[in-house]
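Please read the structure below before turning to the comments.
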Amino acid sequence: MKIFVYDQFTYPLPSGHRFPASKYELLRQAVEAAQIVPPQNLVVPVPATFEQLALAHDPDYIERVLIGTLSTAEQRQIGLPWSPELARRVQYSVGATIAASRAALKDGVSVSLGGGTHHARRAEGQGYCVFNDTAVAARVLQAEVLVRQVAVIDCDVHQGNGTADITNGDDTIFTFSIHGENNFPFRKILGDLDIGLPDGTGDAEYLTALRDGLETTLATRPEIAYFLAGADVHKNDRLGKLALTKEGIAARDRLVLQTCRERGIAVVVTMAGGYGRDLHETVAIQPQTVQICNAICQIAPTANHPTL
1 MKIFVYDQFT YPLPSGHRFP ASKYELLRQA VEAAQIVPPQ NLVVPVPATF EQLALAHDPD
61 YIERVLIGTL STAEQRQIGL PWSPELARRV QYSVGATIAA SRAALKDGVS VSLGGGTHHA
121 RRAEGQGYCV FNDTAVAARV LQAEVLVRQV AVIDCDVHQG NGTADITNGD DTIFTFSIHG
181 ENNFPFRKIL GDLDIGLPDG TGDAEYLTAL RDGLETTLAT RPEIAYFLAG ADVHKNDRLG
241 KLALTKEGIA ARDRLVLQTC RERGIAVVVT MAGGYGRDLH ETVAIQPQTV QICNAICQIA
301 PTANHPTL
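For what it's worth, the working numbering labels the leading residue of the sequence shown as 1, then goes sequentially.
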């Protein structure tokens with residue numbers, strides 16, 4: 001299994017900024033320490049190109065991100081101040097998901113130690129999301145005629161409004177978001193299937209709803225699925241309002257990955273959100289997800305549903 005990393009491409013943030021940018025380096029270090037994959041399988045991707053980004057985003061918006069002409073209001077909506085380093089970083093973030101997509105088609109499962117920037121819409125960013133890595137990567141694979149049908153399984157605690165904005169009306173990309181109903185974004189853009197859960201939803205209720213949503217989603221017979229494995233569903237996340245335990249998140253990950261693997265569906269896993277009150281708690285949850293990915297990758301798919 002290949003794991004794509006890009007945390008070395010850092011960007012400046014003001015002192016005291018709420019976004020936990022350090023978690024990406026800590027996550028990579030945890031994955032390395034656990035020796036989940038051989039060192040050579042931790043891969044630095046190439047950055048996404050303008051042409052690739054334009055498959056999902058408005059060209060004028062892309063240009064303004066890359067050259068630094070976003071307005072103050074746009075930067076405030078994104079939640080990150082523009083810098084040349086940020087522009088470079090988000091290109092690497094999307095490039096990691098593109099590379100992971102190609103690897104998943106070969107190996108069955110792949111991981112980006114980041115990504116899941118699902119609030120980025122076609123012509124604007126939002127909620128720490130500048131470009132939508134999932135939508136871009138899916139469109140790149142389709143443009144290269146590597147896949148036709150795609151599924152998005154968005155298990156971040158926040159609804160995937162940006163992905164819905166970009167893909168609504170496109171019957172080749174089915175978007176499923178399971179999230180906290182009373183959480184950001186407060187003006188949601190609904191996708192193909194949205195399951196909004198009440199505050200305080202725990203493991204059992206969550207897994208029941210997820211199982212039902214998976215059946216509907218995978219009935220579309222996707223060739224590849226993008227699994228946004230947000231750690232922000234955890235009970236101690238400061239931006240989430242759900243109440244999953246670490247064990248419940250592990251059960252979520254196994255359910256998604258095993259179901260896809262049994263049906264021969266390639267899976268790209270991105271880390272999406274994670275804002276634990278104790279950052280090290282988030283950093284403990286996400287390597288668990290990577291461990292489960294690697295274990296599932298070792299299992300042969302069901303013979304009736306061969307991988308690509």
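Just so it is clear, CB atoms sit at the ideal spot from N, CA and C, and this is done for glycine as well.
Predicted model, so just to flag it, every value in this text is computed and none were measured.
Nearest residue (CA-CA) to residue i, options the options
i	options	result
L55	I189, E247, T134, T201	T134
S177	G68, L214, K241, R148	L214
I224	A300, L257, L197	L257
L27	F131, D237, I3, Q40	I3
V351	L113, L70, L207	The displayed coordinates of the chain run from 1 to 308. Any statement about residue 351 would go beyond what the structure contains.
L80	T10, S110, V136	T10
R252	P59, I285, R121	I285
E32	G16, A21, V5, S22	V5
A100	L70, I78, A137	A137
H179	D199, I67, G162	D199
G127	L105, I299, Y275, C293	Y275
T282	H17, A48, S22, M1	S22
V46	R18, R102, L70	R102
E124	A209, A204, F227, D165	D165
V111	L86, N41, P12	N41
Y206	L242, K188, N132, D171	L242
A219	K235, I189, C260, R187	C260
S277	F19, Q298, R64, L13	Looking at the sequence shown, residue 277 is not Ser but Arg. It is F19 whose Cα lies nearest to the Cα of R277.
I36	P287, P222, D212	P287
F322	T172, F131, P222	The first residue shown for the chain is 1 and the last is 308, placing residue 322 beyond what the model contains.
A309	V109, D212, A143	Nothing can be reported for residue 309, as the shown portion of the chain is limited to 1 through 308.
L255	I189, I153, L66, A143	I153
M271	E262, T289, R122	T289
A379	D107, T97, Q52, L66	Given that the chain is displayed from residue 1 to residue 308, the structure contains no residue 379 and the question cannot be resolved.
G68	A104, D58, R88, P222	R88
K188	A120, H17, P14, P39	A120
G115	F227, E63, R139	F227
A30	Q298, P14, D7	D7
E262	Q298, K235, I173, H118	Q298
I78	C129, Y61, P12	C129
E144	L105, G16, R238	L105
P39	I62, M1, R148, R211	M1
A48	H280, D203, R221, R139	R139
Cross-strand partners of residue i (DSSP beta bridge)
i	result
C237	Per the sequence shown, the amino acid found at residue 237 is Asp instead of Cys. According to DSSP, D237 bridges with G276.
L228	D154, T270
I178	I195
C129	Q126
F186	Beta-bridge pairing links F186 to no other residue.
V43	F4
I173	V150
Range covered by the beta strand (DSSP E) that runs through residue i
i	result
G196	193–197
I153	150–154
Residue i - containing alpha helix (DSSP H), residue span
i	result
Y24	23–34
L146	L146 -> no alpha helix (DSSP H), and no H or E assigned at all.
K246	246–262
E205	203–218
A164	161–167
Q52	50–53
Residue-level contact to chain D via CB, residue i, 8 Å cutoff
i	result
E144	The structure shown contains no chain D; it is built from a single protein chain.
beta-carbon residue i near the ligand GDP non-hydrogen atom, thresh 7 Å
i	result
G276	The ligand content of the structure shown is nil, which means the ligand GDP is not present either.
Handout entry: Segment contact flag, the segment 187–199 with the segment 261–269, C-beta cutoff 8 Å, min 3 pairs
Key = No, the segment 187–199 is not in contact with the segment 261–269.
Practice task
Would you check if there are 3 or more beta carbon pairs closer than 8 Å linking the segment 235–251 to the segment 91–109?
Solution key: Under the three-pair Cβ rule at 8 Å, the segment 235–251 does not count as touching the segment 91–109.
Problem - At least 3 beta-carbon pairs within less than 8 Å: the segment 158–165 vs the segment 178–190 - result: Contact holds between the segment 158–165 and the segment 178–190, because three or more Cβ pairs, one in each stretch, are under 8 Å apart.
Exercise for the section: For the segment 57–120, list the alpha helix (DSSP H) runs that are entirely contained and at least 4 residues long, ordered along the chain. Expected result: The alpha helix (DSSP H) runs of length 4 or more contained entirely in the segment 57–120 are, from start to end of the chain, 59–67, 72–78, 84–107.
Handout entry: Three CB pairs or more closer than 8 Å across the segment 219–236 and the segment 70–86
Key = They do not touch, by the three-pair rule.
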